[in-house]
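Comments concern the structure below.
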Amino acid sequence: MRNTILPLLLLLLATSFCVNGSVVLADESKGEGKSEPAEEDSKDPLELDEDVLKAADDLRLTYTNEQQTLVNGLRYLLRPGFEEELMAGRRYRPCALEPFEEGSEAALTQLEALRLLAVLQSGIAPTGATDRQITRLFLTPISNDNLNLAPLAIDMLLCRAIYRRPKLNADDEAKSRAERLLAALEKTKDATSPRSPLIQGKFTKCQWYANHMWLGLMMRSALDLGLEIDDRAWDATLKDLCKAEEKERGYTTQKGANELTGDLNPNLMALTALGLAVTAPEGVIGRAAYKEVEKRVKHVPELLSRLRTDYEREYWGGSRLLLVESFAPEFAPERESGNTWRLNIKRAVVSEFDPSGAALRRAIVLTDLGLASRNWTRYETVACETALNCLALSGGLYQTTDAPLQDVELASIGRLMYALGMLHAGKARVGGADFESRVKFAIEDGCDYLARVQKDDGSFPGMYEGTPGNTAICLLAMMHGGMSRENPAIQQGLSWLREHCGEGRAGNTYSIALVLMFFQYYYEREQRETGIISADNPKDHQSAKNDMWSKLAKEDAKLVDNMISTLDDSNVGGTRGGWTYGPTGGRGGRSDNSCSQFAMLGYKAASLLGAEIKTSVFEKEAERLIRQYAPDESCPEVEYEHVDDDREGNDDERKTSGSHKPWKGKIRPGGWGYTCGDSQGWRTMDLTAAGISSLVICMDELKVRGKLSTQMAREIGLTIRGAEVWTAKNYYRPEDLANANSDLMRAWSDGHGTFYGLYSVERGCVLAGIRKLNEEVDWYRIGADALIDSQNIEGNWGREPAEQAPGRRDRPQLINTSMAILFLKMAAPPVITEHKKRERERAEREEKQNPKNPITSGPKDKKKDAEKTPENPQEPKD
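Each residue of the sequence shown is one higher than the one before, starting from 21 at the first, in our numbering.
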């Protein structure tokens, strides 16, 4: 293959990419323009010879860094047709937009309008595709949003860009549309007035400052188009903006604001608005308004010096670079020139060269600017940041300089795009488009991130830094991700846990459970050797338990014993039952199903370590969950069929023969809420799934001890069935998880919300052997797709540092990250049984639904996997 491909690629680099005078930016005969990667790789990855890649790199180096980054960003946004061939069989996520040369005649979306603006202001020569996009713009309805001027302003900037390029032959249409935009602007006075709904008491939304900037851009653009503007209205809004200035801090959402949305972003927008006014043609701004603006401009150097100091660690690329590039030329921090300051920022951004061309880092300004839709996916947000980055590299929103690519031949741009595409392909991982590979890479990236942030003493940072549970769950995720227990990172973490968990210092119920779960997986090799994982009768279980306990290091056995004692003391007892955060001192109190879920997970882990745990722990918890199950009266009853097996019954000796008739029952779907014993019947999806996992653990532990009565087995199975159906009904919808503002990307805290919910469902479904909830809802695929799409570029999950409150910038959400990895690995602890809801169909169902992803084995596979080690996890099946 190499011998035939090499000459072809070298020829492509050496020759023009022109067909009938236009760059081959896309193959219109291929695809529907969808951004989802192909589910199956139909082609082998193209083999790229080192000589080919060197030729591509040599071509790249003939351009400036700024030109390279701009053209690569445009390549990402345009989705040229050759990209599909280059990236076949490789990990690749195309832009969320349709290819630029798609023949759609529909109105432009706001994101498509931003892309078109980036193309026009870059100076790239127009093609037939450019003409079609402009035609679509003129057919697009004008925005009627009276509180967000961004859509009107982007529209006006497009009209200006078209008007400035006479070769497009659309001057008259652009000017006519601009007149209509000015008419629409007349209806938006509330967007910038002091009486705007965007101002509530002493709080001013960032959008108010953005609107002042967008208004200034519209006024300046209209003047360039030769249109008359309402200069008195602009004067009035400028005076209002000047009055909003706060001494020393400039333009903030409220007094004392010291974070991105409240301080940095509104200041950058306000300064852009002031710059547009101060550089306006003489006489446009009234004398009184101009004096007010001049006064505020004198404060700019001091204000920018403060912002640079306060936010020096923030990302200044993408949308934030665009604002800086849109400043008046003289605006700069104290003792610096505007050009030098902006050039340094630009160079820093360009140095973070990503092969894909996408602006993968987020500047967290899009929503404040009024550009991001709440329904956008993560990759629509990336596309928007990339378009704004291209605009920044082209001179800013109000472009006054020559377009950076206007003197570069179209064929040369085509060759550079192809070279950048090959370099991208050369660095992309092979096999990344199919679901299995996407899961695998997400897990690897997550574990690599955890390894990078681990502290020198073996512990981990984060919102719960210093707590044993925080370190334990990170280590657990890394080991499930494939890291050997002999790895120095695991050994350092283990040493830290041993040092900080002694003498009752393991923490609350959550922390103790996570530490026990880590120890359980750490000693899984010994569990396989002793047979405690697969023992399914009292005699074998007791023998394996004793053998397993003897395998623990003495200090670890002591820690486990102490943690079990703390869990025992944290049960509130009485009719309420359940667990709370710590020892109650025998006084009872409030308990919740979240603490109770983790307590049971901790007990199960301790049991697999060979620890002695009272049978009554599992009996009482099963009885409590059955008793406190709250049916949903809006749901019809569902049927459940239970087939007794030989291990059920109260006798100490298991039955060894006999046939059993199916037992049938009915139950109304329902579940549990947060508070144990809640009489109101409030149910939540995550805690209902938690109830499933706890019931399976209880059933499993009672069964191996020979203490599971037939009646209890039936009641547990029936209750699990009801909870499963209710969980299926209330599970996350893909569209909710894909939203860029979903909890997966905007998580307000660590270990809460959607990450906790997904983790709870994974525990319950894996333990119960549920492949699809109620045979309909593919809980794993829905959750896995969402987690993969919401993973941050660094490999972690949850809010990125820039999005955190100032006091949390250095505290990554490692619980969320670890829960995401554990969900993707299906890493629930092993059990010998599973929930039986349709015994007759199980064999056929499992044959049909055997998952093809790198997951830890389910309950039916535990005996089969007994000879495997944690260091050699099961490989994905082809």
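From the three backbone atoms N, C-alpha and C, an ideal C-beta is built for every residue, glycine too.
Here the structure is a predicted model, which means the values were calculated and not measured.
Name the residue from the options whose alpha carbon lies nearest to the alpha carbon of residue i.
i: LEU258; options: ALA300, VAL781, ASP244; result: ALA300
i: CYS115; options: ALA127, LEU97, GLU103; result: LEU97
i: ALA198; options: LYS225, SER213, PHE158, ASN166; result: PHE158
i: PRO850; options: GLY598, SER554, ARG741, GLY597; result: SER554
i: ASN85; options: VAL369, GLU782, ARG472; result: VAL369
i: GLU265; options: CYS494, GLY93, TYR229; result: TYR229
i: ALA127; options: LEU106, GLY148, THR147, ARG152; result: ARG152
i: THR292; options: ARG435, LEU237, LYS209; result: LEU237
i: LEU629; options: TRP599, TYR438, ALA564, GLY690; result: ALA564
i: THR329; options: GLU312, LEU341, GLU354; result: GLU354
i: VAL317; options: GLN87, ALA297, ARG333, GLU332; result: ALA297
i: GLU356; options: SER325, GLN227, TYR542, GLY338; result: SER325
i: ASP251; options: SER432, ARG200, VAL304; result: VAL304
i: ASP652; options: GLY693, LYS640, GLU668; result: GLY693
i: ALA469; options: MET498, ILE433, ALA573, GLU796; result: Position check: residue 469 holds Tyr in this sequence, whereas Ala was assumed. Of the listed residues, the one whose Cα sits closest to TYR469 is MET498.
i: ARG362; options: GLU345, SER616, GLN648; result: GLU345
i: ALA309; options: LEU280, LEU284, ALA253; result: ALA253
i: LYS209; options: PHE775, ILE740, ARG240, ASN164; result: ASN164
i: ARG647; options: GLU193, GLY697, ARG215, ARG791; result: GLY697
i: LYS845; options: GLU668, LEU430, GLU456, ARG367; result: GLU456
i: ILE584; options: ASP567, ARG607, VAL637, GLY551; result: VAL637
i: ALA378; options: GLU105, ILE717, LEU117; result: LEU117
i: ARG734; options: VAL745, ASP69, MET719; result: MET719
Give the DSSP-derived three-state secondary structure of residue i in the structure shown.
i: GLN220; result: strand
i: HIS662; result: strand
i: TRP683; result: strand
i: TRP599; result: strand
i: PRO754; result: helix
i: VAL903; result: Absent from the model: residue 903. The displayed extent of the chain is 21 to 898, so no value can be given.
i: GLU643; result: helix
i: ASN287; result: helix
i: PRO651; result: strand
i: HIS855; result: A caution first: HIS855 carries a pLDDT of 49, below 50, which makes its placement in the model unreliable, though a value can still be read off. Coil.
i: THR695; result: strand
i: GLY690; result: strand
i: VAL428; result: coil
i: THR299; result: coil
i: ASN168; result: coil
Using only the alpha-carbon positions, how far apart do residue i and residue j sit?
i: LEU73; j: SER376; result: 15 Å
i: LEU90; j: ALA203; result: 34 Å
i: ILE852; j: HIS561; result: 11 Å
i: ALA445; j: ASP476; result: 36 Å
i: GLY818; j: ASN812; result: 8 Å
i: LEU66; j: ILE736; result: 54 Å
i: GLY451; j: ILE808; result: 15 Å
i: LEU579; j: ARG518; result: 8 Å
i: THR129; j: ALA847; result: 42 Å
i: LEU417; j: GLU405; result: 13 Å
i: LEU167; j: THR387; result: 13 Å
i: GLY742; j: ILE633; result: 29 Å
i: ARG381; j: THR595; result: 52 Å
i: TYR335; j: PRO603; result: 45 Å
i: CYS410; j: GLY93; result: 6 Å
i: TYR543; j: LEU722; result: 23 Å
i: ALA439; j: ARG95; result: 11 Å
i: ARG545; j: GLY502; result: 14 Å
If I'm right that residue i touches residue j with Cβ under 8 Å, what's the distance once you round it to whole angstroms?
i: ALA348; j: GLY295; result: 3 Å
i: GLY276; j: ILE841; result: 39 Å between Cβ atoms; not a contact.
i: PRO313; j: PHE351; result: Checking the sequence shown, residue 313 turns out to be Val, not Pro. Rounded, the Cβ-Cβ distance is 12 Å, inconsistent with contact.
i: ASN836; j: GLY771; result: 7 Å
i: ALA170; j: LEU389; result: 6 Å
i: ALA710; j: SER614; result: 7 Å
Taking Cβ positions only, does residue i come closer than 8 Å to chain B?
i: LEU629; result: In the structure shown, chain B does not exist; there is a single protein chain.
Does the structure place the segment 458-476 close enough to the segment 392-407 that three or more beta carbon pairs sit under 8 Å? no
Inter-stretch contact (C-beta, 8 Å, three-pair minimum) for the segment 617-632 and the segment 516-533:
yes
> Are the segment 531-542 and the segment 489-509 in contact at 8 Å, needing three or more beta carbon pairs?
Replying inline: yes
_Inter-stretch contact at 8 Å, needing at least 3 Cβ pairs: the segment 793-810 / the segment 746-756_ = yes
- prompt: Is it a yes or a no for the segment 97-110 touching the segment 417-432, going by three-plus beta-carbon pairs under 8 Å?
  reply: no
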